[in-house]
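If you read the protein sequences in the order shown, they are chains A and B. Each residue of the first sequence is one higher than the last, beginning at 4 in this note's numbering. Each residue of the second sequence is one higher than the last, beginning at 2 in this note's numbering. For glycine and all other residues, C-beta sits at the position ideal for the given N, C-alpha and C. Have a look at the structure below, then the notes.
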Amino acid sequence: MFFQKETKNPYRPKKTNWISPRLIATALIVASLGLILFYAPIQNRTATTPFQKVVMAPVTFLQTIRSFGANSYQRLAANFASREEVERLRAEVKDLNQENTQLRFKLQRHEAYISALRLPREVEYQTLAAIVVFRDFRLTHDIIVNRGTADGLTVNMPVWTDEGLVGRTRRVSQNYSKVQILTDPGSAIGVYVENTPYEGILRGSEDGGLVLEDLHLTGIGDEIKPPLPGQEVRTSGTGMVFPRGLLAGRIAYATSSQGVLVEPVVNANSVQSVLIFTNTGYREEILSLLLGE
Amino acid sequence: MASFLILAVSLMVDLSIRVFPQLGVYTPDVLLLGVIYLALRRPMGEAYLAAFLAGIAFDAVLWDHIGLHSLLYVLAAAGVLKLRTWLWAQYAISRWLIAYIIVMGVRFGEVIMWLSYLGYEVPLSFERYVLWGPVVSGLLFAMVPWRQSPIRLGKRIPQVLFSEK
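As structure tokens, then:
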């Protein structure tokens, strides 16, 4: 227990009031829970009345643990039980890859038409400058900037500097936003290698680097040549988050068994200010290209 | 006053060490170590209050959910007060064990809360963060100078709420 018996502890003063350490701890815990509920994001609230909020807090907490455990078990069970499903999906992926290649071919031809006809296709990107107020590279690789919903920011807005791409907004509050930088282990964006037919997925790694995975050719009859060190890696725009063509990194000289290593162009340790895309015109542009309008 | 000075210094070191050495998941939780130190050396009420304020400051500076770390740090202080009746903190191995258990518990709490808010966007280093990261914090806390005489802390420290001064 937190106390010792009064007879065994000569230092303990006589009880003169009703305040005890346990009471203080309980009050502070209740105060902390109250702060969490008060400042919790509105979209995560399911309860409406104060009573419901107090009741739902521990319930939500337990549900989170329970659902996490259940999901883990289900994923584990699914891994063992769905081999036939995997085979079927593999065949489906193969068909989709062929279809994807054909569509990319059409997209290239479409772009060639646009270039030949000199149609206007430039989108006016609106950006908002923000100052980096803190960096946290402990578990996640995040930077915090001094712009939020009050400035029109939402989640998944591209963040970049003149040097290149930084990341995307991960969480947004009224006056501050957390930006997931490219080197975050949970980051994965679609990219292509400049002047080559290669596309792939650029993932962050735990050591703060970038790895280019799932490299594949985008055109039929392209010359197969591995990406060379120093070549630029740019966003492909297929994820509908980043516009196409933003510089994300350069192929590194070092190699790895996981994939092609890429050097980030923006040093997140030293970046002081960033620009945030606030309009989504590029998404409409991508959609119009894909739909052939 | 000394407690808050310790917390202020711990917070500054904590914030600095997160950025510059680039230790990733092995970054020691210096502020939490300060809370553990106060929970071992100071009266209970002062330790709880210091833990609560440290958590509020941490959440405010790191722009985390306000109240999250104050809750975890108060629970950590309660855990330390429990552990100090079982372990003799004047030994380095005991201090390492205390710090490891407490830091691991707090990090587990952080991850649970992150899972709640981030929509299962679980970082890849989840296990390393919770299980192996606290080892470094424990080693750092084990190096803290301590009184060598083998007196059990639970009976040495006066069980009062706040310092008389």
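Membership of residue 135 of chain B in the alpha helix (DSSP H) is indicated by the continuous run 134-143. Contact annotation for residue 53 of chain B against chain A: 31, 34 and 35 [CB-CB distance below 8 Å, chain order].
Counting C-beta atoms within 10 angstroms of its own C-beta, residue 275 of chain A has fewer than 16 neighbours from the protein chains shown and is therefore classed as exposed. Collapsing the DSSP output to three states places residue 280 of chain A in a strand.
Of the residues assessed, residue 195 of chain A falls on the buried side of the cut-off, its CB having 16 or more other CB atoms within 10 angstroms. For the segment 229-245 of chain A, no residue has a beta-carbon sitting nearer than 9 Å to a beta-carbon of chain B. For residue 97 of chain B against residue 142 of chain B, the beta-carbon gap comes to about 7 Å, under 8 Å, which counts as contact. The bridge partners DSSP lists for residue 219 of chain A are A:202. If you draw a 10 Å sphere on the C-beta of residue 183 of chain A, you find 16 or more other C-beta atoms in it, and that means buried. Segment contact: the segment 71-87 of chain B against the segment 18-37 of chain A, three or more CB-CB distances shorter than 8 Å; contact assigned.
Nearest in C-alpha terms to residue 63 of chain B, of all of B:146, B:136 and B:13, is B:13. A straight line joining the alpha-carbon of residue 78 of chain B with that of residue 270 of chain A spans about 38 Å. Classified as exposed, residue 248 of chain A has fewer than 16 neighbouring CB atoms from the shown chains inside 10 Å of its CB. Per DSSP, the unbroken beta strand (DSSP E) holding residue 195 of chain A starts and ends at 191-196. The C-alpha of residue 180 of chain A lies about 29 Å from the C-alpha of residue 133 of chain B. Taking a 10 Å sphere around the C-beta of residue 212 of chain A, we find 16 or more other C-beta atoms and assign the residue as buried.
The beta carbon of residue 71 of chain B sits closer than 8 Å to some beta carbon of chain A.
Residues of chain A with a Cβ closer than 7 Å to the Cβ of residue 63 of chain B are, in chain order, 137 and 139. Note that the segment 37-49 of chain B touches the segment 20-30 of chain A; at least 3 beta-carbon pairs, one per stretch, sit closer than 8 Å.
Residue 143 of chain A counts as buried, since no fewer than 16 other beta carbons sit within 10 angstroms of its beta carbon. Between the segment 235-253 of chain A and the segment 185-205 of chain A there are three or more C-beta pairs closer than 8 Å, enough to call the two in contact. Counting other Cβ atoms within 10 Å of its Cβ, residue 11 of chain B reaches 16 or more and is therefore classed as buried. Under the three-state reduction of DSSP, residue 145 of chain A is assigned to strand. Rounded to the nearest angstrom, the gap between the Cα atoms of residue 245 of chain A and residue 277 of chain A is 15 Å. Look at the segment 69-97 of chain B: the residues with a C-beta under 9 Å from a C-beta of chain A are 69, 70, 71, 72, 73, 74, 75, 76, 78, 79, 82, 83 and 86.
Bounds of the beta strand (DSSP E) holding residue 184 of chain A are 180-184. What residue 130 of chain B touches in chain A, judged by beta-carbon distance under 9 Å, is 141 and 142, going in chain order. Straight-line measurement puts the Cα of residue 191 of chain A at about 23 Å from the Cα of residue 101 of chain A. At a beta-carbon threshold of 7 Å, the residues of chain B lying near residue 28 of chain A are 49, 75 and 79, ordered along the chain.
With a cutoff of 8 Å on beta-carbon distance, residue 39 of chain B and residue 4 of chain B are scored as near each other. Within the model, the alpha-carbon separation for residue 78 of chain A versus residue 188 of chain A is close to 21 Å.
A straight line joining the alpha-carbon of residue 174 of chain A with that of residue 158 of chain A spans about 6 Å. Per the coordinates, the alpha-carbon of residue 28 of chain A lies some 50 Å from the alpha-carbon of residue 252 of chain A. Identification of chain A residues near residue 46 of chain B by a Cβ-Cβ cut-off of 7 Å yields 24 and 27, ordered along the chain. Taken atom to atom, the span from the alpha-carbon of residue 265 of chain A to that of residue 2 of chain B is near 50 Å. At a cut-off of 8 Å between beta carbons, residue 88 of chain A makes no contact with chain B.
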